[in-house]
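Novice: Reading the sequence shown from the start, the letters are residues 55 to 426 in our numbering.
In this text, a Cβ means the ideal position worked out from N, Cα and C, and glycines have one as well.
Fair warning: this is a prediction, and the values are worked out from it, not measured in the lab.
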Amino acid sequence: MRDGTRVIRAGLPATSQGEPFLPGPTFAGTYAFSGDLGTSAYTYGRYHNPTWTNFERALGELEGGPAIAFSSGMAAVTAVLAVTLKPGGKDNVVVMPSDGYYGARALAEGYFASRGVEVRKARTVGNAQAALLEGATLLWLESPTNPGLDACDLAELSQLAHRRGVLVAVDNTTATVLGQKPLDLGADFSLSSDSKGLTGHDDLMLGHVAAREQAWADKLQAFRTQQGAVPGPMEVWLAHRSLATLEVRLERQCRTALEVARQLVARAEVRSVRYPGLPQDPSHAVASKQMLHYGPIVSFVLEGKEQADGFLKACNIAVSATSFGGVHSTAERRARWGGDAIPPGFIRFSAGCEDTLDVVQDVSQALDAISR
Ligand SMILES: *Cc1c(COP(=O)(O)O)cnc(C)c1O
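1. How long is the line joining the alpha carbons of Gln183 and Cys206, rounded to whole angstroms?
2. Please report the straight-line C-alpha distance between Val224 and Asp204, rounded to a whole angstrom.
3. Taking contact to mean 3 or more Cβ pairs, one atom from each stretch, closer than 8 Å, check whether the stretch 182-199 and the stretch 163-170 are in contact.
4. What is the DSSP secondary structure of Gln275, counted as helix, strand or coil?
5. Which residue wins for smallest C-alpha separation from Ala283, given the options Arg295, Tyr101, Gly72 and Asp90?
6. When the distance is taken between beta carbons, is Ala129 closer than 7 Å to Gly261?
7. Roughly how many angstroms lie between the CA atoms of Pro287 and Thr107, to the nearest whole one?
8. For Thr199 and Gly154, I'd like the C-alpha separation in whole angstroms.
9. Once the 5 residues before and after Gly233 are set aside, which same chain residues still bring their CB inside 7 Å of it?
10. Please work out which residues of its chain come closer than 8 Å, Cβ to Cβ, to Gln317, disregarding the five sequence neighbours upstream and downstream, and give them in chain order.
11. Among Pro104, Ala209 and Asp256, whose alpha-carbon lies nearest the alpha-carbon of Ile342?
12. Does Ala298 come out as helix, strand or coil in the three-state DSSP assignment?
13. Take Gly380 and list the residues in its own chain whose beta-carbon comes closer than 8 Å to its own, dropping the five residues that flank it on each side.
14. Verify the contact flag: Ser404, CB atom, against every heavy atom of ligand 1, threshold strictly below 6 Å.
15. Just how far apart, CA to CA, sit Leu312 and Arg328?
16. Measuring straight from C-alpha to C-alpha, what distance separates Gly189 and Asn181?
17. Does the beta-carbon distance from Leu258 to Glu289 come in below 7 Å?
18. If you measure between the beta carbons of Ala368 and Ala420, is that distance less than 7 Å?
19. Based on the DSSP output, what are the partners of Arg56 in its beta bridges?
20. Mind checking Ala395: buried by the 16 CB within 10 Å criterion, or exposed?
21. Mapping DSSP to helix, strand and coil, what is Thr429?
22. Which two residues bound the contiguous alpha helix (DSSP H) that contains His216?
23. Report the rounded CA-to-CA distance for Gly83 versus Asp248, giving the unit in angstroms.
24. If you count every other CB in all the chains shown that lies within 10 Å of the CB of Pro330, and 16 or more means buried, which is it?
25. Quick one, are the C-beta atoms of Pro285 and Ser125 less than 7 Å apart?
26. First and last residue of the alpha helix (DSSP H) that includes Phe109?
27. Nearer than 6 Å: is that true of the beta carbon of Tyr155 relative to any heavy atom of ligand 1?
28. Starting from Ile424, follow the alpha helix (DSSP H) in both directions and report where the run begins and ends.
29. How many whole angstroms separate the CB atoms of Arg266 and Gly119, which I take to be in contact at a CB cut-off of 8 Å?
30. Quick one: using the 10 Å Cβ neighbour count with 16 as the cut-off for buried, is Ser353 buried or exposed?
31. Measuring CA to CA, which of Phe75, Pro201 and Thr228 is closest to Ser152?
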């Protein structure tokens, strides 16, 4: 069975006469529970929820390893760092990408570094993190990176890390589990912000971690229970419902993203364009080895802040907003946030599920508007 088929039914209970395919969300702080522990599957809302169970089963089928849902992508990031690193002890070195999601970097260099974790950093391009593995505990990878879209070889880096006894976590947010399979490529953890493309409707916050080994999934689950970053059942139910369309959304988004990228390359107003699906892109060789879809994000650079702001203002379809991967095309001047080494005219464009030609034509007229 292919993923495009698997994703439709993933995590659903067996069909039952008179029952919906996906049971509605279970809103429960506590459950009726008498007698001793072990006699009820569900006891208290912070420990477990049947709506989580179905969604995690779906993710597990797609990821190829047990999955734990969290209240946001950052809660998932926090959990992986927390269960693998032991500040002050022997296992206290993490190798991060210097150009990955700034939130994960800020957490590692802020909270974790201040408690004795050593954070080493290297760029994603050229597998540069491989040079920093000696004595490390955890190799943190992100490919393609948000927002620069550089790629690294996940299989090769996982092998190099494992040879030195280093665990490997991949932030798979930009690709989603249907775009790239970190566990199949050798990673120990595949994690993602599901506030982005995996759920794809920009209406919720969620994250998850899938682990190669059940023992790590158990530790992640115990951490979630103790630390308390549990997802709401409504969000999880919406996520499970949205998951079914992931393959069709990705197909449309990737087709549009490629067309937008091709058009940008041909425009004089655009200084540089990045899309892993473009044959001439620096990430293409690595990405085509490990990605099943190249994703919705196109990054490009206009002359400066003024041109970038003018472009965004002239867009009629793409909404000016942060985040990416949703059914609505969105775009933003990324440098407004700070924290990433990018020029002021850098635009992160996320292709939505609108008609491809409409999006391409809208980008074209917005570029016309700033060149007038
Ligand atoms: C958004 C994002 C996160 C954080 O996810 P939230 O759901 O916003 O907490 C982590 N990694 C990457 C690559 C992201 O884009």
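Specialist: Walking through what the data contain:
1. When rounded, the distance between both Cα atoms is 9 Å.
2. Approximately 14 Å between the Cα atoms of the pair.
3. The stretch 182-199 makes no contact with the stretch 163-170: fewer than 3 CB pairs, one atom from each, lie closer than 8 Å.
4. It is helical.
5. Ranking the options by Cα distance to Ala283, first place goes to Tyr101.
6. Yes, these two residues count as a Cβ contact at 7 Å.
7. Near 10 Å, if we compare the C-alpha coordinates of Thr107 and Pro287.
8. Approximately 5 Å between the Cα atoms of the pair.
9. Result list for Gly233: Leu304, Met345, Leu346, His347 and Gly349, in chain order.
10. Sequence-distant Cβ neighbours of Gln317 in its own chain, meaning closer than 8 Å and more than five residues away, are Val414, Val417 and Ser418.
11. Looking at the sequence itself, residue 342 is Ser, so the reference to Ile does not match. Nearest C-alpha to Ser342: Ala209.
12. Note: Ala298 maps to coil in three-state DSSP.
13. Closer than 8 Å at Cβ, skipping near neighbours: Lys250, Gly251, Gly254, His255, Asp256, Ser404 and Gly406.
14. The closest heavy atom of ligand 1 lies 6 Å or more from the beta carbon of Ser404.
15. Between Leu312 and Arg328, the alpha-carbon positions lie close to 10 Å from each other.
16. Cα to Cα, Gly189 sits roughly 18 Å from Asn181.
17. Yes, these two residues count as a Cβ contact at 7 Å.
18. For Ala368 and Ala420, yes; Cβs fall inside 7 Å.
19. Arg56 is bridged by DSSP to nothing; it lacks a bridge partner.
20. Its Cβ having fewer than 16 others within 10 Å, Ala395 is exposed.
21. Summary: the structure shown does not reach residue 429, with the chain confined to residues 55 through 426, and so no result is reported for it.
22. Its alpha helix (DSSP H) spans residues Leu208 to Arg217.
23. If you take the alpha carbons of Gly83 and Asp248, they lie about 23 Å apart.
24. Buried.
25. A contact, by the Cβ cut-off of 7 Å.
26. For Phe109, the enclosing alpha helix (DSSP H) has its first and last residue at Pro104 to Glu117.
27. Within the cutoff, so yes.
28. Unbroken alpha helix (DSSP H) run through Ile424: Thr410 to Ser425.
29. The C-beta separation of Arg266 from Gly119 comes to about 5 Å, placing the pair in contact by the 8 Å criterion.
30. Classification for Ser353: buried.
31. Scanning Phe75, Pro201 and Thr228 for the CA closest to the CA of Ser152 turns up Pro201.
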